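All letters in the sequence shown, in the order written, are residues 449 to 568 by this note's numbering.
Ideal Cβ placement from N, Cα and C applies to all residues, glycine included.
Just so you know, these numbers come straight off a predicted model, no measurement behind them.
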Amino acid sequence: MMHRNRRWSVSAAGSAEELARNLTEHTWCGCNSWELGGYWFLNDATSADGAQDYGIIKIAGPRGKPVQVESITFSWCASDKALQHVRAAIAGQIDASEFAHDVDPVIETPEQHGSCHLCM
Numbered sequence: 449m450m451h452r453n454r455r456w457s458v459s460a461a462g463s464a465e466e467l468a469r470n471l472t473e474h475t476w477c478g479c480n481s482w483e484l485g486g487y488w489f490l491n492d493a494t495s496a497d498g499a500q501d502y503g504i505i506k507i508a509g510p511r512g513k514p515v516q517v518e519s520i521t522f523s524w525c526a527s528d529k530a531l532q533h534v535r536a537a538i539a540g541q542i543d544a545s546e547f548a549h550d551v552d553p554v555i556e557t558p559e560q561h562g563s564c565h566l567c568m
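This is the structure we're talking about:
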């Protein structure tokens, strides 16, 4: 994650297909993110009108802390490729990547989050 001081508003994704559509067919505020299958997909974009990059975070890594296992620019993916990435992530297929490292994101529910400077 490039944004260590960002607060993310995380909503539950209904399915891998829904999440893949959200990540490829829409542009989101920098604080919008989702949870699916024990992973957070945290928006790590530098601006709402830029490339939509997402950190994929395993919520409970091997030491009980969140671990970022990947970073993917979903706005550059077709929805079928995004769906492959989402399914691979929630199946744990990328957990052991060399990229994996502990992170400490600030996660809020939409109700807790309310509004921030990124919500514009």
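First and last residue of the uninterrupted alpha helix (DSSP H) at residue i
| i | result |
| --- | --- |
| Asp501 | Premise fails: Asp501 lies in the beta strand (DSSP E), 501-506, not in any alpha helix (DSSP H). |
| Glu466 | 464-473 |
| His561 | 558-561 |
One or two residues paired with residue i in a DSSP bridge
| i | result |
| --- | --- |
| Leu484 | Tyr487 |
| Ser527 | Ser527 pairs with nothing; no bridge assigned. |
| His549 | Gln516 |
| Thr494 | Answer is none; Thr494 lacks a bridge partner. |
| Gly555 | Here residue 555 is Ile; the residue named in the question, Gly, does not match the sequence. Trp456, per the DSSP bridge assignment. |
Same chain only: Cβ atoms within 6 Å of residue i, ignoring 5 sequence neighbours per side
| i | result |
| --- | --- |
| Ala460 | Glu483 |
| Lys513 | Asp550 |
| Ala544 | none |
| Thr521 | Ala499, Asp501 |
Contacts around residue i, its chain only, beta-carbon distance under 7 Å, and the 5 residues preceding and following it disregarded
| i | result |
| --- | --- |
| Arg455 | Cys479, Val554, Glu556, His561, Cys564 |
| Leu490 | Met449, Trp456, Ser481, Tyr502, Gly503, Ile505, Pro553 |
| Ala536 | Ile542 |
| Cys567 | Cys477, Cys479 |
| His464 | In the sequence as displayed, the identity of residue 464 is Ala instead of His. Excluding residues within five positions, the ones whose Cβ falls inside 7 Å are Leu484, Leu531, Val534, Arg535, Ile538. |
Anticipated Cβ contact below 8 Å, residue i with residue j, distance rounded
| i | j | result |
| --- | --- | --- |
| Gln516 | Ala468 | Rounded, the Cβ-Cβ distance is 19 Å, inconsistent with contact. |
| Thr472 | Ala539 | Contact flag wrong, Cβ pair sits at about 19 Å. |
| Val458 | Trp488 | 6 Å |
Neighbourhood of residue i by C-beta distance below 8 Å, restricted to the same chain and skipping five residues each side
| i | result |
| --- | --- |
| Thr475 | Ala496, Asp497, Gln500, Ser523 |
| Ala508 | Gly486, Pro514 |
| His451 | Gly478, Asp492 |
| Met526 | Checking the sequence shown, residue 526 turns out to be Ala, not Met. Contacts found: Thr472. |
| Glu546 | none |
Limits of the beta strand (DSSP E) - the one that residue i falls within
| i | result |
| --- | --- |
| Trp456 | 455-460 |
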